[in-house]
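*Asks:* Mapping to the working numbering: the sequence shown position 111 is 157, numbers consecutive. Note that the Cβ used here is the ideal one computed from N, Cα and C, for glycine as well. Model, not experiment: these values are computed from the prediction. Quick one: this structure, given as structure tokens, is what I'll be asking you about.
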Amino acid sequence: MFIDSVNLTVSSGKGGPGCVAFRREKFVLNGGPNGGDGGRGGDIVFRCENNTHTLSAFHKNMHIKADNGAPGLGSNMAGKSGAKKVVIVPPGTQILDAENGDVLADMLEDGQEILLLKGGKGGLGNTHFKSSTNQRPTYAQPGEKGETKAIKLELKLIADVGLVGFPNVGKSTLISTVSNARPEIANYEFTTLTPKLGKVDIGDFESFIMADIPGIIGGASEGRGLGIQFLRHIERTKILLFMIDLASYRDMQEQYETLKSEVKAFSEKLSESRFAIALTRADIVEPDAINESVKGFIEMLGLEPSGYSELDFDTNLPFYIQSTPEKELGYDMNKPYFIAPISSATHKNIDALKHALFDLVQADRRR
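Take a look at the structure:
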């Protein structure tokens, strides 16, 4: 079960009470107080680990508690401290304050740990309270209470490239073609119900991570369809690949403008991400019609055709890529880095797409 948002209550351990005790031994007169201190309560610690990918482990565990400290003992023996509770979360998990929504921690890297709640201190035993005027103290401190906090965990997948498109546009087919991800693929809308991550290999030593989310429809930012609840999974991606269906009943311009507006309505920052455009299902459209469609699409975007190099990776199937790079990022980030008709079914322009996306990822990593 894929779960990406849960509400939890976490409680650190209570400190153990101090002990009231007196030394009682044969031949030892007036041994005095020797009550030990209580043990410290256990802490609540969050740790990020790569071997977990969802928040489903918390589905039925809504209150997480650390152990309490043990009471102090006689002979000045301190009580045992409570064991800390280590909560394992996947990379990309944000810990939010459930009351005000503040971000308490952002777990991004494998092995990262944060101390969320400290356990209560153990109480002092009666040996601490002896004095010249009080040689037989009969009291000790109780342990301090632990802390309790209501939190919300939200998982935002970490990927280099996020796929954005209408339902049944070919996102799942593409990610299954270029990566190790194996999402469900079928000829109906909303086949993808949960986000998927895939590793795209470039040669033997290079790779990048691609994320596929459920399809976006008009009004998604207002709660329609499935896309809005999963848009946060591409919020961390620096590069968006807009996928436009060449064979759809929806006009190409309508698809593009709807996707851009829904992304912008969800997050202004996300809408400013670097992006590229893939025109899918090129295998069922005539090559001449594809060329006309792509040229018309470039004009619709208000782009100068001279600003793009037309590379012919596959016969009669061009690949338009920026030919006037900027110095800082290697391209003009306000325009699509490339516009390419592709076919995941016949692998048309797929290798070119992988390498162009990797160039984009590399430019981002060098920033």
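1. Tell me the residue span of the beta strand (DSSP E) that contains Gly-244.
2. When you compare only the Cα positions, how much space is there between Pro-136 and Lys-195?
3. Count the other CB atoms, across all protein chains shown, that sit within 10 Å of the CB of Gln-473; report buried if there are 16 or more and exposed otherwise.
4. Go ahead and pull the three-state DSSP assignment for Tyr-302.
5. Smallest Cα separation from Ala-322: which of Phe-251, Ala-402, Asn-96?
6. Consult DSSP for Arg-411 and reduce its assignment to one of helix, strand or coil.
7. Please report the Cβ distance between Val-91 and Glu-159, rounded to the nearest whole angstrom; I am assuming they are in contact, meaning their Cβ atoms lie under 8 Å.
8. Near Met-123, what residues of its chain come up, given a Cβ to Cβ distance below 7 Å and the 5 sequence neighbours on each side ignored?
9. Who pairs with Asn-380 in a beta bridge, going by DSSP?
10. Quick check: Asn-172 and Pro-188, are their CB atoms within less than 8 Å of each other?
11. How far does the beta strand (DSSP E) with Thr-219 in it extend, from its first residue to its last?
12. Please list, in chain order, all residues of the same chain as Asn-96 whose beta carbon is under 8 Å from its beta carbon, the five residues on each side excluded.
13. When DSSP labels each residue in this structure, what does Ala-391 get in the three-state scheme?
14. Please return the same chain residues whose Cβ sits closer than 7 Å to the Cβ of Lys-400, not counting the five positions on each side in sequence.
15. DSSP state of Gly-211, grouped into three classes?
16. By DSSP, does Glu-402 sit in helix, in strand, or in coil?
17. Rounded to the nearest angstrom, what separates Ala-211 and Phe-288 at their Cα positions?
18. Beta-carbon separation of Ala-328 and Leu-363 under 8 Å?
19. Is the CB-CB distance between Gly-192 and Ser-58 below 8 Å?
20. For Gly-85, which of Glu-71, Asn-107, Thr-55, Asp-113 has the nearest alpha-carbon?
21. Report the option in Asn-180, Ile-197, Ile-290 whose CA atom is closest to the CA atom of Asp-148.
22. If you draw a straight line from the alpha carbon of Glu-332 to that of Ser-339, how long is it in whole angstroms?
23. Which one or two residues does DSSP pair with Asp-143 in a beta bridge?
24. Could you spell out the range, first to last residue, of the beta strand (DSSP E) harbouring Pro-333?
25. Thinking C-beta only, is Tyr-366 closer than 8 Å to Glu-356?
26. Can you tell me where the alpha helix (DSSP H) with Lys-315 in it begins and where it stops?
27. For Asn-21 versus Pro-387, is the C-beta spacing smaller than 8 Å?
28. Rank Asp-397, Phe-343, Arg-320, Gly-353 by C-alpha distance to the C-alpha of Gln-408 and give the top, closest one.
29. Whose C-alpha, out of Ala-186, Asp-291, Leu-201, is nearest the C-alpha of Thr-219?
*Replies:* Put simply:
1. Note, Gly-244: beta strand (DSSP E), 242 to 248.
2. Cα-Cα distance, rounded: 21 Å.
3. Since the first and last residues shown for the chain are 47 and 413, residue 473 lies out of range.
4. Note: Tyr-302 maps to helix in three-state DSSP.
5. Distance check between Ala-322 and each of Phe-251, Ala-402, Asn-96 places Ala-402 closest, using alpha-carbon atoms only.
6. DSSP places Arg-411 within a helical segment (H, G or I) once states are collapsed to three.
7. Confirmed, Cβ separation roughly 6 Å.
8. Closer than 7 Å at the Cβ level, and outside the excluded window around Met-123, lie Gly-82.
9. Answer by DSSP bridge pairing: none, since Asn-380 is not bridged.
10. Taking 8 Å as the Cβ cut-off, Asn-172 and Pro-188 do not qualify as a contacting pair.
11. Looking at the DSSP string, Thr-219 is not in any beta strand (DSSP E); the run it does join, the alpha helix (DSSP H), is 217 to 224.
12. Pro-136, Pro-137, Asp-156, listed in sequence order.
13. Assigned with DSSP and collapsed to three states, Ala-391 falls in coil, not helix or strand.
14. Taking C-beta separations shorter than 7 Å and ignoring five residues to either side along the sequence, the partners of Lys-400 in its chain run Val-224, Val-246, Ile-248, following chain order.
15. DSSP places Gly-211 in strand when its eight states are reduced to three.
16. Looking at the sequence itself, residue 402 is Ala, so the reference to Glu does not match. If DSSP states are grouped into helix, strand and coil, Ala-402 belongs with the helices.
17. Here residue 211 is Gly; the residue named in the question, Ala, does not match the sequence. For Gly-211 and Phe-288, the distance between alpha carbons rounds to 6 Å.
18. Cβ distance < 8 Å, so Ala-328 and Leu-363 count as in contact.
19. Yes, these two residues count as a Cβ contact at 8 Å.
20. Nearest C-alpha to Gly-85: Asp-113.
21. Nearest neighbour of Asp-148 by Cα position, chosen from Asn-180, Ile-197, Ile-290, turns out to be Ile-197.
22. Rounded to whole angstroms, Glu-332 to Ser-339 spans 10 Å at the Cα level.
23. DSSP output for Asp-143 lists Ile-197 as bridge partner(s).
24. Residue range 333 to 346 is occupied by the alpha helix (DSSP H) that includes Pro-333, with no beta strand (DSSP E) assigned at that position.
25. If you check the CB distance, Glu-356 and Tyr-366 come in under 8 Å.
26. Membership of Lys-315 in the alpha helix (DSSP H) is indicated by the continuous run 314 to 317.
27. Outside the modelled stretch of the chain, which goes from 47 to 413, sits residue 21, for which no answer is possible.
28. Among Asp-397, Phe-343, Arg-320, Gly-353, the Cα nearest to that of Gln-408 is on Arg-320.
29. Closest by alpha carbon: Asp-291.
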